[in-house]
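Asker:
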């Protein structure tokens with residue numbers, strides 16, 4: 152079942168919001184939440200709040216398990232444009248468009264995922280590399 156959350160009139164340009172939005176698509180909800188908490192961009196905080204809202208909708212309204220949810224899609228479109236002008240020399244002015252964004256976030260359930268599968272990580276083998284004296288070159 153898909154759960155949709157929307158954020159309208161976010162006063163950050165859509166181009167900047169898309170950078171953060173595309174980084175969480177396809178991730179489990181908890182992974183996306185930690186990634187957004189560590190992100191330094193200004194649009195990460197409103198995206199995290201929107202993700203929390205979608206998660207609350209899924210768990211409270213639709214009774215979905217939090218471990219099975221992932222970010223299915225994120226759409227960022229243009230919102231309102233505030234038209235302003237900057238004064239320039241000799242009585243002229245240049246237009247400024249202060250852009251805003253509309254964000255639509257969709258959560259979906261993964262099939263056949265148990266909580267132990269989503270948490271466990273497989274330890275990888277470490278590779279050792281040996282170099283011969285001919286392979287090691289020094290520049291002087």
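Numbering (the working numbering), first residue to last: 152 to 291.
Where is the CB? At the ideal position from N, CA and C, for every residue including glycine.
What three-state label does DSSP hand residue 223 in the structure shown?
Answerer: Three-state result, residue 223: strand.
Asker: Looking at the ligand SAM, does it come within less than 7 Å of residue 182, judged from the CB to the closest heavy atom?
Answerer: In terms of ligand content, the structure shown is empty, and the ligand SAM therefore cannot be addressed.
Asker: Going by beta carbon distance, what residues of the same chain come within less than 7 Å of residue 209, once the five residues before and after it are set aside?
Answerer: Closer than 7 Å at Cβ, skipping near neighbours: 154, 215, 220, 258.
Asker: Which two residues bound the contiguous alpha helix (DSSP H) that contains residue 165?
Answerer: 165-172 is the extent of the alpha helix (DSSP H) around residue 165.
Asker: Near residue 231, what residues of its chain come up, given a Cβ to Cβ distance below 7 Å and the 5 sequence neighbours on each side ignored?
Answerer: For residue 231, where only same-chain residues beyond five positions count, the Cβ hits under 7 Å are 160, 251.
Asker: Residue range of the beta strand (DSSP E) that residue 258 falls in?
Answerer: That run of the beta strand (DSSP E) goes 244-260.
Asker: Can you tell me which of the three DSSP states residue 195 falls into?
Answerer: In the structure shown, residue 195 sits in a helix (DSSP, three-state: H, G or I).
Asker: Output the distance between the C-alpha atoms of residue 184 and residue 202, rounded to the nearest integer angstrom.
Answerer: Each residue's Cα considered, the two are about 7 Å apart.
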